[in-house]
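In full-length UniProt numbering, the protein residues as written are 1 to 143. The beta carbon of each residue, even a glycine, is placed where N, CA and C say it ideally should be. Bear in mind the structure is a predicted one, so any value in this text is a computation, not a measurement. First up is the structure itself, then whatever we jot down about it.
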Amino acid sequence: MDTDMRLDAARPYVLSLYRMVVGLLFASHGASSVLGAFGGPDGGRPAVGHWPGWWAGLIQLGCGVLVFAGIGEAGTRVAALLGSGSMAYAYFTVHQKHALWPIQNGGEPSAMFCWSLLLITVMGPGAWSLARLARRLQPAGAP
1 MDTDMRLDAA RPYVLSLYRM VVGLLFASHG ASSVLGAFGG PDGGRPAVGH
51 WPGWWAGLIQ LGCGVLVFAG IGEAGTRVAA LLGSGSMAYA YFTVHQKHAL
101 WPIQNGGEPS AMFCWSLLLI TVMGPGAWSL ARLARRLQPA GAP
C-alpha cells in the first residue's frame, strides 16, 4: 500500500482527532472566561451577561463541547460555524484595530480558531462522533 492510500485511509480518523482537539481547546478557552477555570482570563472574568466577553465565552464553551463530542453531521457543522463566526467577529472588532497582522495585534488565537472551526464546518465531524456511536449502539430494527 503506498503512502497516499494510507494517508487517505486515515483521513476520517485524523479529522475526528483534529475536531476533538480543537473542540476541547475552544471549550477550555470558554471555561476560562465564563467559569474562571484554569486560572481565569487575564484581567478577570467578565460579569454575567456582559457584552461581548461573557457571551463570547459562553459561545466558546458551548460550541467547543458540541464540536468535541461530534453531535452529528449537522449539529457539529452548525456549532463549528457559530464558533468560527464568533472568532471572526472577535478578530475584527477587538484585534484588527491595533495592527494589521495577527502576530502584531494579539489575534492569533482568534484567527486560528476561526479558520480551524471553518475547516470542521466544511469537512464534518470525521469517523468518530457521538452521533455515530449512538447509531451503532441502537438495536437493529429500532426507529
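Of all C-beta pairs linking the segment 41-56 to the segment 99-108, fewer than three are shorter than 8 angstroms, placing the two stretches out of contact. Taking A111 as the centre and dropping the five residues before and after it, the same chain places the C-beta of Y91 and P102 closer than 6 angstroms to its C-beta, in chain order. Taken through DSSP and simplified to helix, strand or coil, G39 comes out as helix. Per DSSP, the continuous alpha helix (DSSP H) segment holding R77 begins and ends at E73 to A90.
In the three-state DSSP reduction, A9 falls in the helix class (H, G or I). Counting the other CB atoms within 10 Å of its CB gives F38 a total below 16, which places it among the exposed residues. According to the DSSP assignment, L100 belongs to no alpha helix (DSSP H), since it is labelled neither H nor E. At a cut-off of 4 residues, the continuous stretches assigned as alpha helix (DSSP H) that sit fully inside the segment 103-131 are 108-123.
A buried status is given to P125, since no fewer than 16 other beta-carbon atoms sit within 10 Å of its beta-carbon.
Selection M5, L15, L7 and A140 evaluated against A127 yields L15 as nearest (Cα-Cα).
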